[in-house]
Structures are given as structure tokens and as C-alpha cells.
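To start, the structure itself, in C-alpha cells.
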Amino acid sequence: MEILTYIIVVMTISLVKGAFDPHRNGLVWHRNWKKIDVPDCGYKPGYHKHSSGYSKQARPGQFPWLVQIFIHDPGAPKNHQCMGAIISWRFILTAQQCFQGYGSEPISPNSLYVKVGEWDLSTDPDCMDWGCAPPTKIYQVEKVILYNDTTAAQHIALIKTKRFMFFNDFVGPICMEHGDMLQVDFTGKNGNWVTGWGKNAQDFTQNNRTTALTNLKIISAYDKPKLFNGDKESVFILETPGYSHHIGETGGPVSVNPARLSDGDYDDREYLHGIKTSTLAITNEDDSKFSICNYVPYYLEWILEQMDPDRTDLFFS
């Protein structure tokens, strides 16, 4: 009996240790895992029902996790915008740099709000020849959680909405990479980066009123050591040749689809691989431009730790 008890204890300790090691599938045992393990994450039902083939111009419902974030910095004359990605019923992932206008001041939840279900800024609802998507919806913010206290740092931020976001065919969460997926090497492959909605950084004109899809090569930060001085495990780089940076695209999601790299081992879902944090223009023989992106799996344990329920989380209590 003593030997059996010892074996059970050892197995329990191993499971607890594994709970914080994503390479051993352990994070699925995290107390908050069910909040991001949404059954239909990464799917695009509104898009697939009405899609008529590939297009660089995104279509309604193609990125149901994409949100607009409107932020009013202290002392600023008007709002500025960022992008973000829905990862759960009340949580949105974005870039910490979106809040650098606050400096050392606390971030007031009342100074920002998020809009879901957007595609074309000029119409609401968004309509095509097959009909119309549901109208956009605005959600107030409960709190903003920064990865660290320096708002200018190139890290991620988590936004918690005051109410649960209502999901439909055109609004829903993206999946988070975990378990065996973390063994897939996407370096040298293309990631889906959603652009648009922003103003041109040079002349401040509104270039795109609808979102656009851009397939860009994922590069290891170790392959471009001069572009990023921080922890290279926490970021990757997108090569963006000939692309004009748009104000308002910070925080935009970079997704990957493992089904394109395998023989059917994975569902045809999109997984959140990165969050765009900054753009660098490098002048050389090919005039390449690069974007720094936070590598989301690097932050997964931290994200889950911030999702502990409070009195407003009655659904999970």
C-alpha cells in the first residue's frame, strides 16, 4: 500500500509540473484552459458559406476574431485605433504598444472600447450579393492587463470586456497554439496577416476601408539579430516587401493554418501565431521592410494566469 501511494503521488506531481510546460501538452490542464478551448475556435462559418474563391481582399466573416480597438490617450485630442484578436468570450489579445500614450498613468477602462464584426468601415451592416452580415457591436472594457509595466515595450496586452461577447457566424475566437502544434516549425512559411482599416503613415489618407489579407513569410528573430534587441524567443519577424505601413494596424493578428502543412492531421482552423507590434523600414539592395510580431505561444501561460474568474464571470463560477 505504501508503494502504491508513492507511485500515485509521483504521478500527481508530474502532472502538476507538466501543467506549465506547453511542449508536453500540459497547459490543457491549466485551471483556465476551458476559457480559450472554445469548440468552434478558428473556424469561419460566415465566410465559408458565401466564399467564391481566394482573394487578397478579405471578405465578411473571413476573420471573425478581428476587432477594432478605439483608445483615447490622456491629453490626446481624439481616439487612435489598434487591432486585436478575440481569444475567448471576454478576452482580446493585442499589442502593449497600443497603450504607450498613457505613459506611467493607469489605463482607465473608460478610455477605450472595442468593436467586433467589422469588415467595411463605410457600411453597417456589411452586405454582399448574398445578403448582409449582422451589424457590428461595441463592447465596453472591464480592464487592460499589460505583460509588463512599460507601455512602450514590445509585448502583448490582454483586454477583458465588461460583458460576454456574443458569437455568431461573423464573430468568434481564434484558436491558440498548444500541445503538439508547438512542434510545428512555421519559419520560412507564410502567415496570414490581416491589414486595412488604417491610415497611411506617410500622408494619413484612409487607404483601405475594408480589411485585406496578406500572406507574408515568417522569419526567426535569430536570423535578423539587428532588428530586435530583446528576448528573441518572444518574437518573430514578417518580411513585408513593398508594403506601406498603416496607422491603426498595431495589434493585428498573424494566423497560421497547420492543415496546409500536413496530410490532414489538423482541422482546417486558424491559430493565433503572433500579434504585430511594430514596423521597421530597412533600406538595402531590395528595400525590404520588416514587422516585429510577438510570438503568442511564448506568452500562453501568462495569458491563462490572467484569466482567473471574478464576480463578473458568472458563466464560469
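With mature numbering (1 follows the signal peptide of the UniProt record, and there is no 0) as the guide, the letters of the sequence shown map in order to residues -18 to -1, 1 to 299.
C-beta: ideal position from N, C-alpha, C; glycine also.
If you follow the beta strand (DSSP E) that residue i is in, where does it begin and where does it stop?
i: Leu282; result: No beta strand (DSSP E) contains Leu282, which is instead part of the alpha helix (DSSP H) from 282 to 287.
i: Leu220; result: 217 to 221
i: Gln122; result: 119 to 128
i: Tyr95; result: 94 to 98
i: Lys271; result: 271 to 277
i: Thr237; result: Here the sequence assigns Ser to residue 237, which means Thr is not the residue at that position. 235 to 238 is the extent of the beta strand (DSSP E) around Ser237.
Starting from the C-beta of residue i, find all residues in its chain whose C-beta is less than 6 Å away, skip the five residues before and the five after it, and write them out in chain order.
i: Phe186; result: Residue placement at Phe186 is flagged as unreliable, the pLDDT there being 43, under the threshold of 50; the coordinate-derived value follows with that caveat. If we look at Phe186 and ignore the five residues flanking it on each side, it has no Cβ neighbours.
i: Val20; result: Pro155
i: Ala115; result: Pro42, Pro107, Asp108, Phe152
i: Asp286; result: Note that residue 286 corresponds to Leu in the displayed sequence, not to Asp. Contacts found: His12, Asn14.
i: His62; result: Ile53
i: Lys17; result: Ser70, Met289
i: Ala67; result: Trp47, Leu75, Ile156, Pro235, Leu254
i: Lys214; result: Ala203, Tyr204
i: residue 344; result: Here the chain has residues from -18 to 299 only, and residue 344 is not among them.
i: Lys144; result: Gln122, Glu124
Confirm, please, whether the CB-CB distance from residue j to residue i is below 8 Å.
i: Val153; j: Val96; result: no
i: residue 330; j: Phe272; result: It is not possible to answer for residue 330, since the shown part of the chain is limited to -18 through 299.
i: Ile274; j: Val217; result: yes
i: Asn24; j: Tyr280; result: In the sequence under discussion, the amino acid at residue 24 is Gly, which differs from the Asn named in the question. Against a cut-off of 8 Å, the Cβ pair of Tyr280 and Gly24 comes out as no contact.
i: Asp55; j: Tyr84; result: yes
i: Phe81; j: Lys119; result: no
i: Arg13; j: Leu103; result: no
i: Met158; j: Ile74; result: no
i: Gln288; j: Ile89; result: no
Please classify residue i: is it buried, with 16 or more other beta-carbons within 10 angstroms of its beta-carbon, or exposed?
i: Asn276; result: buried
i: Ile141; result: buried
i: Ser93; result: buried
i: Ser237; result: buried
i: Val10; result: exposed
i: Arg72; result: buried
i: Thr105; result: exposed
i: Thr169; result: exposed
i: Ala58; result: exposed
i: Gln136; result: buried
i: Gln122; result: exposed
i: Gly212; result: exposed
Which two residues bound the contiguous alpha helix (DSSP H) that contains residue i?
i: Lys17; result: 15 to 18
In chain order, what residues of the same chain have a beta carbon less than 8 Å from the beta carbon of residue i, not counting five sequence neighbours either side?
i: Met65; result: Leu48, Val49, Gln50, Ile51, Thr76, Val176, Trp179, Gly230, Glu231, Thr232, Gly233, Gly234, Pro235, Lys258
i: Ile219; result: Ile200, Ile201, Ser202, Ala203, Asp205, Lys206, Leu209, Phe210, Phe272, Ser273, Ile274, Cys275
Give me whichever residues DSSP pairs with residue i in a beta bridge.
i: Ile138; result: Ala77
i: Cys109; result: Cys114
i: Ala67; result: Leu48, Leu75
i: Trp101; result: In DSSP, Trp101 forms no bridge with anything.
i: Thr196; result: Trp175
i: residue 300; result: No answer is possible for residue 300: the residues shown for the chain start at -18 and end at 299.
i: Cys157; result: Tyr253
i: Ile201; result: Ile219
i: Thr261; result: Ser273
i: His54; result: Note: His54 sits in no beta bridge, so no partner.
Leaving out five residues before and five after residue i in sequence, what residues of the same chain have Cβ atoms less than 7 Å from its Cβ?
i: Lys26; result: Gly43, Gln44, Pro46
i: Lys125; result: Pro91, Lys142
i: Glu100; result: Gln50, Thr118
i: Asp22; result: Gly154
i: Asn130; result: His137
i: Asn150; result: Pro116
Could one say the Cβ of residue i lies closer than 8 Å to chain D's Cβ atoms, at least one of them?
i: Leu286; result: Of the protein chains in the structure, only one exists, and it is not chain D.
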